[in-house]
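Let me begin by presenting the structure, written as structure tokens, before commenting on it.
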Amino acid sequence: MEMNENSIGLDVALKRQGYEVRQHGSDTNEIRVCCMFCQQLGHGQDFRFRLGINLKTGQAHCFRCHWKTRDIYRLIEKQMGRRVRQPDSVYEAKKTEDAQVVLPEGFELFFSIDNQEGAIRTKALDYLHSRGVTDEQIERHHIGFCSVGRYAWRIVFPIYHRDKLFTFIGRDFTGRQEPKFLNRKGAKPLWTSEEHGQGMPLDSTVILYEGIFKALAGERCRFFTLGPVIHAATLGSQITDLQLAQLCPQVVKEIVLFPDPDRPGLNGFLKAGRALMAKHYSSGVSVVWPLPQREADEMSGDEVRRCIEGRHPFSVASWAMASCIIPE
Ligand SMILES: [Zn+2]
1 MEMNENSIGL
11 DVALKRQGYE
21 VRQHGSDTNE
31 IRVCCMFCQQ
41 LGHGQDFRFR
51 LGINLKTGQA
61 HCFRCHWKTR
71 DIYRLIEKQM
81 GRRVRQPDSV
91 YEAKKTEDAQ
101 VVLPEGFELF
111 FSIDNQEGAI
121 RTKALDYLHS
131 RGVTDEQIER
141 HHIGFCSVGR
151 YAWRIVFPIY
161 HRDKLFTFIG
171 RDFTGRQEPK
181 FLNRKGAKPL
191 WTSEEHGQGM
201 PLDSTVILYE
211 GIFKALAGER
221 CRFFTLGPVI
231 HAATLGSQIT
241 DLQLAQLCPQ
251 VVKEIVLFPD
261 PDRPGLNGFL
271 KAGRALMAKH
281 YSSGVSVVWP
291 LPQREADEMS
301 GDEVRRCIEG
311 RHPFSVASWA
321 MASCIIPE
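Sequential numbering from 1 applies to the sequence shown in the UniProt record's numbering.
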């Protein structure tokens, strides 16, 4: 465990893990979050903030599934690998509450009724098709575009988490704007192929890529041997705390790393593999095999499927040998 100076308040810790924190009416010692155990205990997902947490004692109890603990602090500390303390002020939870996320100015869906033509729309759609993205995927993932505002001339990918818009990213489609990817500020969750970020189905296999176009390429493949498969993108070569928390070991059966073939990609996913191993003591972490020479969206569907089905258990040593990268 790290030193005390590096500790974070319980409310902040929960937010980093993707939970919205609410204060309980008049009792300033109690906060509420949507219960993370209801689903595992067979009650369906909780949207009603049923898990009550006493900040003073650390006791927590769900009013529906009756999951309880005497020390929520220890549980979250274990998950995050750092010291978690009582919030500085009982009002901290309220003060730091994030404003509601809205889609950027000028956002349009490709297939809404009043949006069937237009030169900018056509150019944006041509770009997506040239990257292999199908109309079905565009609709399913609510992918849109902007022709005005800060995100003008960008494809916009909304990212949902537990049914709420969490963030979005914009990808230039003209070939003339820097940066190519414009990310909204704030916490970075996984982009996943689950519609509306409903959370991973039980016993799912998650294929982890660096970018959205690669995850979309994976989604276009059919797998016969894997059970429920989720394709997810870290939106950068590093995995974030929030993303680690999303890959909950009680739900995810296996995580398959599908790194980009360049050096930052291989390095970043090597670190991600280690972090996942530390967290996923019981579930498997593996890596596509052989390590790809090209990015997933430049491979044929058969090639993508074959290297996923040929995956090996993750180990730092075999990764280092295959990629010629010396672990730091
Ligand atoms: Zn519950």
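Beta carbons: idealized from backbone N, C-alpha and C, even for Gly.
Within its chain, find whatever has a CB closer than 7 Å to the CB of ASP203; leave out the 5 residues flanking it on each side and keep chain order.
So the qualifying residues of the chain are GLY227, PRO228, LYS253.
Nearest CA to the CA of GLN39: which residue from ASN29, ARG32, ILE31, ARG50?
Considering only alpha carbons, the answer is ARG50.
Nearest by alpha-carbon distance to GLY284: which of ILE76, VAL251, ILE239, ASP71 is it?
Taking only the C-alpha atoms, the option nearest GLY284 is VAL251.
Just to confirm, are LEU242 and ALA187 a CB contact at a threshold of 8 Å?
Yes, the Cβ-Cβ distance between LEU242 and ALA187 is below 8 Å.
For GLU97, I'd like the list of residues in its chain whose CB is within less than 7 Å of its CB, leaving aside the five on either flank, ordered along the chain.
Interpretation of GLU97 is limited by its pLDDT of 46, a score under 50 that renders its predicted location unreliable; the figure taken from the coordinates is listed afterwards. So the list is empty, once near-sequence residues are dropped.
Sorted by chain position, which residues of the same chain lie with C-beta nearer than 6 Å to PHE213's C-beta, five sequence neighbours on each side aside?
Cβ within range, chain order: ARG131, ASP297.
Return yes when at least one heavy atom of ligand 1 lies under 7 Å from the C-beta of LEU51, else no.
Yes - ligand 1 has a heavy atom lying nearer than 7 Å to the Cβ of LEU51.
When you compare each of GLU303, GLY199, ASP71 to CYS248 by their alpha carbons, which one comes out closest?
Out of GLU303, GLY199, ASP71, GLY199 has the C-alpha closest to the C-alpha of CYS248.
By a C-beta neighbour count over all protein chains shown, 10 Å radius and 16 as the cutoff for buried, is LYS185 buried or exposed?
Classification for LYS185: exposed.
Work out the CA separation of LYS78 and residue 365 for me, nearest whole Å.
The requested residue 365 is not part of the displayed model; the chain covers only 1 to 328.
Out of HIS142, ILE159, ARG154, ILE169, state which residue places its alpha-carbon closest to the alpha-carbon of ARG176.
Per the Cα distances, ARG154.
In whole angstroms, what is the alpha-carbon distance linking HIS43 and ASP172?
Answer to the nearest angstrom: the Cα atoms are 42 Å apart.
Could you check if ARG32 belongs to the surroundings of ligand 1, using beta carbon to heavy atom distance under 7 Å?
Checking every heavy atom of ligand 1 against the Cβ of ARG32, none is found closer than 7 Å.
Quick check: is any heavy atom of ligand 1 less than 7 Å from the C-beta of HIS43?
The answer is yes for HIS43.
What does DSSP give as the partner residues of VAL33 in its beta bridges?
VAL33 pairs with LEU51.
Between which two residues does the alpha helix (DSSP H) holding GLU219 run?
It spans 212 to 219 - the alpha helix (DSSP H) in which GLU219 sits, taken as one unbroken run.
Shorter than 7 Å, the distance from the beta carbon of ARG64 to the closest heavy atom of ligand 1, or not?
At least one heavy atom of ligand 1 is nearer than 7 Å to the Cβ of ARG64, so yes.
When burial is assigned at 16 or more other CB atoms within 10 Å of the CB, is ARG294 buried or exposed?
The residue in question, ARG294, is exposed, as its Cβ has fewer than 16 Cβ neighbours within 10 Å.
Within the same chain, show all residues whose beta-carbon is closer than 8 Å to that of HIS312, passing over the 5 residues directly before and after it, in chain order.
Answer for HIS312: SER286, VAL287, TRP289, SER318, listed in chain order.
Pick out whichever of ALA215, ALA275, ILE230, GLY9 has its Cα sitting closest to the Cα of GLY301.
For the residues ALA215, ALA275, ILE230, GLY9, the minimum Cα distance to GLY301 belongs to ALA215.
Under a three-way DSSP split, which group does CYS65 fall into?
CYS65: coil per DSSP, three-state reduction.
State yes or no: is the C-beta of PHE37 nearer than 7 Å to some heavy atom of ligand 1?
Yes, the Cβ of PHE37 comes within 7 Å of a heavy atom of ligand 1.
My guess is that ARG32 and ASP46 are in contact by the Cβ rule of under 8 Å, so how many angstroms apart are they, rounded?
Not confirmed; about 10 Å, so no contact.
When the Cα of ARG83 is compared with those of ILE308, ILE120, ILE143, ASN6, which residue comes out closest?
Taking only the C-alpha atoms, the option nearest ARG83 is ASN6.
Where does ASP11 fall in DSSP's three states?
Reduced to three states, the DSSP call for ASP11 is helix.
Going by DSSP in three states, LYS253 sits in which element: helix, strand or coil?
If DSSP states are grouped into helix, strand and coil, LYS253 belongs with the strands.
Around the C-beta of LYS15, are 16 or more other C-beta atoms found within 10 angstroms, so that it is buried, or is it exposed?
Buried.
Would you tell me roughly how many angstroms separate the C-alpha atoms of GLY310 and VAL304, rounded to the nearest one?
Approximately 10 Å, taken between the alpha carbons.
Check each candidate in CYS35, ARG140, GLU178 and name the one with the smallest Cα separation from THR69.
Nearest of CYS35, ARG140, GLU178 to THR69, Cα basis: CYS35.
Near GLY170, what residues of its chain come up, given a Cβ to Cβ distance below 6 Å and the 5 sequence neighbours on each side ignored?
TYR151, ARG154, VAL156, LEU182.
Given a cut-off of 8 Å, decide if SER237 and GLY265 are closer than it, judged by their beta-carbon atoms.
Yes, the pair counts as a contact, with Cβ atoms nearer than the cut-off.
Consider the C-beta atom of TRP67 and the heavy atoms of ligand 1; say whether any pair is separated by less than 7 Å.
Yes - ligand 1 has a heavy atom lying nearer than 7 Å to the Cβ of TRP67.
What residue from GLY9, PHE107, GLU194 has the CA that sits closest to VAL148's CA?
Closest by alpha carbon: PHE107.
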